[in-house]
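A.B. asks: Protein chains in written order, with my numbering: chain A, 481 to 835; chain B, 104 to 486. Glycine included, every Cβ here is placed at the ideal spot set by N, Cα and C. My questions will all concern the structure given below.
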Amino acid sequence: MDFALSDDQLTFIDQVDRYLRDTCPPDRLHKAFDGNEAIASEIFQGLLELGLGGLVAPEEHGGLGLGLLEAASITERIGFAGAPGPWVSHVLAVLAIANAGSDAQKARWLPGMAAGEIVGAVALMEGSAWSPEDWKLSASPRLSGAKDYVMGLREAQVFVVGLAGGQLALVESTAPGVSMTPWFSTDMTRPVGQIGFDNVACEVMPQAYGAELLDAALTLASADSHGASARMVEDIVEYSKTRVQFDRPIAAFQAVKHKLADLATAVEPNGPLYRQTAAIFDQTPDDSHRAAALAKAHITEVASNICRIATESYGGIGYTWEHSAHIWLRRAMFNYAWMGTPAVHRARAADLAGW
Amino acid sequence: MLAPVASEQETFRKEVKAFLKENWLGAADRDASAFRKKAVAAGYVYRSIPKIYGGSEQAADPVKAHIIREEFDKVRAPREVGGNGPGLLAPTLLACGEDWQKEMFIPKTLTGEYRWAQGYSEPGAGSDLANIRTSAVLEGDEWVINGQKVWTSDAHNSIFMFILVRTEPDAPKHQGISYLLLDMRQPGVTVRPLKQITGEAHFNEIFLDNARTPKNWIVGERGKGWIVSRTTLVHERNTVGASMGSDHLFNQVLKLARTTELNGRPAIEDPLIRDELGRIYARVSAHRAAGQHAQNLAGAGREGSPAAGGFTKLYGSAISESIGLLAQRIMADHAMAQPVENHAGPGRWVRQYLNSIAAQLGGGTSNMQRNQIAERALGLPRD
Ligand SMILES: Cc1cc2nc3c(=O)[nH]c(=O)nc-3n(C[C@H](O)[C@H](O)[C@H](O)COP(=O)(O)OP(=O)(O)OC[C@H]3O[C@@H](n4cnc5c(N)ncnc54)[C@H](O)[C@@H]3O)c2cc1C
């Protein structure tokens with residue numbers, strides 16, 4: 481499986497990185513985190529306007545026509561930056577419409593999404609039911625019920641809603657009968673909530689793309705978590721060089737130094753792992769369910785653990801609201817729980833492997 | 104989507120397969136050396152070694168190298184000869200040796216005729232390797248060597264040793280060391296096997312009592328042996344931590360889980376065992392992906408992490424330990440005693456678990472890898 485990034489891809493990622501560095505310094509992140517929606521929107525909108533809105537949309541619909549490998553590589557950088565906004569939800573919505581939508585549906589939505597004028601979101605989980613096999617909502621003839629833990633509630637104009645049998649429907653946020661209930665979210669840079677449907681008119685897309693969409697969601701969650709954990713390690717490494725106790729930087733204590741080496745060792749292979757998983761999705765989709773389940777199980781669990789250990793390693797300052805550690809710790813905690821916990825996906829991966 | 108680069112690779116893979124089909128007669132083929140000669144001629148083994156020294160001198164191509172490894176392993180065809188010689192000494196000679204040394208030693212090392220022991224560690228110099236005391240003094244045209252080496256793997260099967268000795272007793276620790284080659288078939292060299300934790304004796308104590316070696320059997324300059332030895336260590340770490348080992352071991356433990364009964368059903372049906380299998384398999388996959396990533400970087404001429412060897416050794420040896428632990432959970436009471444000494448049954452797993460300790464010691468302990476990662480990759484203060 482070839483998952484090496486080309487020079488062009490790396491240059492592109494570099495541009496995104498530069499944008500993120502400029503727009504996501506800790507003080508702004510904290511404001512977004514504390515509920516400043518204007519800052520969060522500005523950062524997110526700026527990302528879409530870099531051309532990322534249509535990253536995975538076909539070129540004939542104004543997109544860049546790229547695959548999950550590129551989307552995941554960008555997601556890693558977004559996780560690394562701790563950037564606010566429903567990026568993952570938007571990419572998944574574009575991917576779903578591009579692959580499951582009719583020509584008319586693609587023409588209706590994708591150009592605007594690619595141009596950054598329309599934000600999309602996916603509404604998949606029903607309670608804790610993340611698997612398409614457990615989705616119960618039905619759209620015949622109209623949609624009633626609710627979807628939970630939806631990211632992008634506030635921003636999205638169009639929702640891709642998971643239905644029984646892995647079908648997907650398109651619902652406009654302004655459609656009569658749609659209601660939104662924001663929740664108090666663990667990861668405040670990416671708040672979630674419930675979207676309710678009361679006899680809502682919707683359009684079902686022709687392809688049942690739920691199972692593939694799940695794989696993509698798991699892969700992006702892995703990439704985001706990897707970015708978050710890599711950032712945590714980078715930051716705590718820098719801090720340990722400057723924080724002096726007993727007349728030396730704490731990094732000079734082997735108990736600290738070795739812990740950091742262990743964290744770095746745990747992070748190191750996760751980048752190649754999620755990229756390989758994304759490349760499998762793009763190139764050999766038959767193996768995708770198992771690979772995505774395994775990556776989600778491993779990376780979101782390891783990353784969450786790394787962020788926890790790194791936070792503790794700061795001492796008291798890491799335990800404060802003002803400190804940035806919890807931005808990434810909460811991000812990793814969210815990814816851990818979103819769309820099925822690691823243990824559940826590990827069990828699934830074992831089944832899929834025929835063990 | 105990625106550019107479709109597969110076709111060239113697939114053509115190459117077909118070539119390798121065709122070669123194997125024609126030339127490898129399977130495990131029944133006792134004469135690995137004849138096969139290996141053909142594999143060298145075809146450019147499949149010893150790719151980084153010049154033809155004049157018995158290699159196949161191919162342009163560095165990690166993707167091709169990977170394909171060769173995969174295809175050879177699939178049919179269990181022999182690749183490079185194992186041991187310290189081809190893996191450690193040959194690359195060191197190529198990097199630091201004189202031409203006549205390369206001519207004299209490399210070809211026969213590649214065929215397995217010359218086996219080599221690595222004489223680094225001493226009773227007082229393990230992690231702190233530069234603390235070695237074994238001395239070499241020039242007398243006429245010969246070095247006269249006195250001292251003791253320990254934990255020397257495979258010395259009982261080897262006829263030569265590459266050895267670190269102190270030649271400049273007054274120089275600072277790292278600058279007083281030289282790298283010598285030594286013929287072990289002489290009265291001044293005594294090899295005493297050491298029984299290992301597994302019950303086998305793969306390593307030894309070496310006593311050097313006026314052992315002699317020619318003046319020009321020195322690799323690199325006098326007093327520069329420390330730097331020469333680093334070349335070898337880099338190769339060693341990369342070998343010890345390679346992910347192929349993890350893959351193979353995982354398949355074995357998977358088989359164990361399928362064929363062993365635990366609480367009245369196949370162990371593989373136990374949710375806790377499945378969870379741990381999944382946990383380990385994810386790490387094996389990550390390890391493999393990281394290996395491929397490193398190859399991709401090398402192939403594209405990009406720099407990898409300065410501590411890549413440390414990462415992969417630490418990661419790989421931890422996987423090996425987890426697999427050993429899981430095997431014990433699966434075997435349950437069979438891990439306590441076996442009716443007969445059986446290297447194919449439970450006894451094999453007891454040995455594997457104990458063996459995983461060696462992986463965390465040899466070639467630099469896990470703590471030394473942590474130091475290396477912390478200092479080289481993360482830029483933390485030196486110990
Ligand atoms: C199976 C096997 C095969 C071997 N084969 C060979 C061979 O062929 N040739 C050869 O020359 N050697 C060989 N060795 C030796 C091996 O390289 C040494 O065992 C290793 O370098 C450790 O040295 P030591 O045993 O003296 O332990 P020590 O260096 O005494 O270490 C003891 C403990 O202290 C820790 N420690 C030491 N220094 C530090 C530090 N600075 N910071 C933190 N922790 C530290 C170590 O991690 C370890 O846990 C082999 C070893 C094994 C187990």
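Going by DSSP in three states, Gln756/A sits in which element: helix, strand or coil?
C.D. replies: Within the first sequence, numbered from 1, the residue matching residue 756/A stands at position 276. Residue state, collapsed to three classes: helix.
A.B. asks: Buried or exposed for Thr654/A, please, with buried defined as at least 16 other CB atoms from any protein chain shown within 10 angstroms of its CB.
C.D. replies: For the purposes of this step, residue 654/A is taken as residue 174 along the first sequence, with counting starting at 1. Result: exposed.
A.B. asks: In the DSSP output, which residue or residues are listed as bridge partners for Ser256/B?
C.D. replies: For the purposes of this step, residue 256/B is taken as the residue at position 153 of the second sequence. Its beta-bridge partners are Phe306/B.
A.B. asks: From Val343/B to Glu529/A, what distance separates their C-alpha atoms?
C.D. replies: Here residue 343/B refers to the residue found at position 240 of the second sequence. Here residue 529/A refers to the residue found at position 49 of the first sequence. Note that Val343/B scores a pLDDT of 47, beneath 50, so its modelled location is shaky; the value from the coordinates is reported in the next line. If I take the Cα positions, the gap works out to 47 Å.
A.B. asks: Give the range of the alpha helix (DSSP H) segment to which Phe414/B is assigned.
C.D. replies: Here the question's residue 414/B lines up with position 311 in the second sequence. Phe414/B -> alpha helix (DSSP H) spans 411 to 434.
A.B. asks: According to a CB-to-CB cut-off of less than 9 Å, which residues of the region 740 to 771 of chain A neighbour chain B?
C.D. replies: For the region 740 to 771 of chain A, which is checked against every Cβ of chain B, the residues closer than 9 Å are Leu740, Ala741, Asp742, Ala744, Thr745, Ala746, Glu748, Pro749, Asn750, Gly751, Pro752, Leu753, Tyr754, Arg755, Gln756, Thr757, Ala759, Asp762, Gln763, Ala771.
A.B. asks: Whose C-beta lies closer than 8 Å to the C-beta of Leu123/B among residues of the same chain, with five residues either side of it excluded?
C.D. replies: Here residue 123/B refers to the residue found at position 20 of the second sequence. Glu174, Phe175, Val178, Ala180.
A.B. asks: Let me confirm a value: Ile280/B is counted as buried when at least 16 other C-beta atoms fall within 10 Å, else exposed. Which label applies?
C.D. replies: Locating residue 280/B in the second sequence gives position 177, counting from the first residue. Its Cβ being crowded by 16 or more others within 10 Å, Ile280/B is buried.
A.B. asks: Short of 8 Å in beta carbon distance, which residues of its chain neighbour Val387/B, apart from the five on each side in sequence? Order them along the chain.
C.D. replies: Within the second sequence, the letter at position 284 stands for residue 387/B. Excluding sequence neighbours, Val387/B sits near Ser346, Ser349, Asp350, Phe353, Ile422.
A.B. asks: Indicate, with yes or no, if ligand 1 has a heavy atom lying under 7 Å from the CB of Phe733/A.
C.D. replies: Sequence index remark: in the first sequence, residue 733/A carries index 253 (1-based). For ligand 1, not one heavy atom lies less than 7 Å from the Cβ of Phe733/A.
A.B. asks: Could you give the C-beta distance for Tyr217/B and Phe263/B, rounded to a whole number, given that I count them as a contact under 8 Å?
C.D. replies: Here residue 217/B refers to the residue found at position 114 when the second sequence is read from its first residue. Here residue 263/B refers to the residue found at position 160 when the second sequence is read from its first residue. Indeed they touch by this definition, with Cβ atoms about 6 Å apart.
A.B. asks: Classify Glu118/B as helix, strand or coil using the three-state DSSP reduction.
C.D. replies: Numbered from 1 along the second sequence, position 15 holds the residue referred to as residue 118/B. Looking at Glu118/B - three-state DSSP - the assignment turns out to be helix.
A.B. asks: Leaving out five residues before and five after Val717/A in sequence, what residues of the same chain have Cβ atoms less than 6 Å from its Cβ?
C.D. replies: Position 237 of the first sequence holds residue 717/A. Here the set comprises Leu740.
A.B. asks: Who are Leu648/A's beta bridge partners in DSSP?
C.D. replies: As a position in the first sequence, residue 648/A is number 168, starting the count at 1. DSSP, once it has assigned bridges, lists Gly642/A as partnering Leu648/A.
A.B. asks: So with Cβ pairs under 8 Å, would you call Pro729/A a contact of chain B?
C.D. replies: Numbered from 1 along the first sequence, position 249 holds the residue referred to as residue 729/A. With 8 Å as the cut-off, Pro729/A counts as an interface residue toward chain B.
A.B. asks: Does the region 413 to 432 of chain B come into contact with the region 449 to 466 of chain B, if we say contact requires no fewer than three beta-carbon pairs (one atom in each stretch) closer than 8 Å?
C.D. replies: Segments in contact, yes.
A.B. asks: Comparing alpha-carbon positions, which option in Gly581/A, Phe814/A, Thr661/A lies nearest Ala537/A?
C.D. replies: Locating residue 537/A in the first sequence gives position 57, counting from the first residue. Selected option, being the one with the closest Cα: Gly581/A.
A.B. asks: Anything in chain D within Cβ reach of Pro374/B, meaning under 8 Å, just list it in chain order.
C.D. replies: Structure shown: chain D not included; protein chains present are A and B.
A.B. asks: In this structure, does DSSP put Lys627/A in helix, strand or coil?
C.D. replies: Sequence index remark: in the first sequence, residue 627/A carries index 147 (1-based). Note: Lys627/A maps to strand in three-state DSSP.
A.B. asks: Roughly how many angstroms separate the alpha carbons of Thr270/B and Gly326/B, rounded to a whole number?
C.D. replies: What you label residue 270/B is simply residue 167 of the second sequence in a count that begins at 1. What you label residue 326/B is simply residue 223 of the second sequence in a count that begins at 1. So the alpha carbons of these two residues sit roughly 7 Å apart.
A.B. asks: Does the beta-carbon distance from Phe524/A to Gly565/A come in below 8 Å?
C.D. replies: Taking the first sequence and counting its residues from 1, one reaches residue 524/A at position 44. Taking the first sequence and counting its residues from 1, one reaches residue 565/A at position 85. For Phe524/A and Gly565/A, yes; Cβs fall inside 8 Å.
A.B. asks: Along the alpha helix (DSSP H) that carries Asp488/A, what are the first and last residues, could you check?
C.D. replies: One-based indexing of the first sequence puts residue 488/A at position 8. 487 to 503 is the extent of the alpha helix (DSSP H) around Asp488/A.
A.B. asks: Determine the closest residue to Ser151/B out of Arg451/B, Gly190/B, Gly407/B, with distance taken between C-alpha atoms.
C.D. replies: Locating residue 151/B in the second sequence gives position 48, where the first residue counts as 1. Considering only alpha carbons, the answer is Gly190/B.
A.B. asks: Under 8 Å, Cβ to Cβ, is there at least one residue of chain A near Val343/B?
C.D. replies: For this step, residue 343/B is matched to residue 240 along the second sequence. For Val343/B, the pLDDT reaches just 47, beneath the cut-off of 50, and the residue's location in the model is therefore unreliable, although a value from the coordinates is still provided. Val343/B does not count as touching chain A.
A.B. asks: Let me confirm a value: Asn815/A is counted as buried when at least 16 other C-beta atoms fall within 10 Å, else exposed. Which label applies?
C.D. replies: Counted from its first residue, the first sequence places residue 815/A at position 335. By the neighbour-count rule (16 or more Cβ atoms within 10 Å), Asn815/A is buried.
A.B. asks: Do Phe794/A and His806/A have their C-beta atoms closer together than 8 Å?
C.D. replies: On the first sequence, residue 794/A is found 314 positions in, with the first residue counted as 1. On the first sequence, residue 806/A is found 326 positions in, with the first residue counted as 1. The sequence given here places Tyr at residue 794/A; Phe does not occur at that position. No, these two residues do not count as a Cβ contact at 8 Å.
A.B. asks: Cβ of Tyr223/B within 7 Å of any heavy atom in ligand 1?
C.D. replies: In the second sequence, residue 223/B corresponds to position 120, counting from 1. Yes; taking the cut-off as 7 Å, the Cβ of Tyr223/B has a heavy atom of ligand 1 nearer than that.
A.B. asks: In chain order, what residues of the region 611 to 627 of chain A put their CB closer than 7 Å to some CB of chain B?
C.D. replies: So nothing in the stretch comes that close.
A.B. asks: What is the rounded straight-line gap between the Cα of Lys318/B and the Cα of Trp329/B?
C.D. replies: Sequence index remark: in the second sequence, residue 318/B carries index 215 (1-based). Sequence index remark: in the second sequence, residue 329/B carries index 226 (1-based). Cα to Cα, Lys318/B sits roughly 18 Å from Trp329/B.
A.B. asks: Please report the residue range of the beta strand (DSSP E) in which Gln102/B lies.
C.D. replies: Only positions 104 to 486 of chain B appear in the structure, and residue 102/B is not among them; the question remains open.
A.B. asks: Name the residues in the region 787 to 808 of chain A whose C-beta lies less than 7 Å from a C-beta of chain B; which are they?
C.D. replies: Taking 7 Å as the Cβ-Cβ cut-off against chain B, none of the residues of the region 787 to 808 of chain A qualify.
A.B. asks: Taking C-alpha atoms, which residue in Ala771/A, Ala746/A, Asp502/A, Ile760/A lies nearest to Gly381/B?
C.D. replies: The residue given as residue 381/B occupies position 278 in the second sequence. Nearest C-alpha to Gly381/B: Ala771/A.
A.B. asks: On the CB-based measure, 16 or more other CB atoms within 10 Å of its CB, does Trp203/B come out buried or exposed?
C.D. replies: Taking the first residue of the second sequence as 1, we reach residue 203/B at position 100. By the neighbour-count rule (16 or more Cβ atoms within 10 Å), Trp203/B is not buried but exposed.
A.B. asks: Do Thr791/A and Pro822/A have their C-beta atoms within less than 8 Å of each other?
C.D. replies: If you number the first sequence from 1, residue 791/A lands on position 311. If you number the first sequence from 1, residue 822/A lands on position 342. No, the pair does not count as a contact, with Cβ atoms beyond the cut-off.
A.B. asks: What does Asp486/B reach in chain A if we use C-beta pairs closer than 9 Å?
C.D. replies: Taking the second sequence and counting its residues from 1, the one referred to as residue 486/B is at position 383. In chain order: Ala732, Gln734, Lys737.
A.B. asks: I want to verify the contact list: residues of chain B whose CB lies under 8 Å from the CB of Ser720/A, in sequence order.
C.D. replies: For the purposes of this step, residue 720/A is identified with residue 240 of the first sequence, where counting begins at 1. Leu483, listed in chain order.
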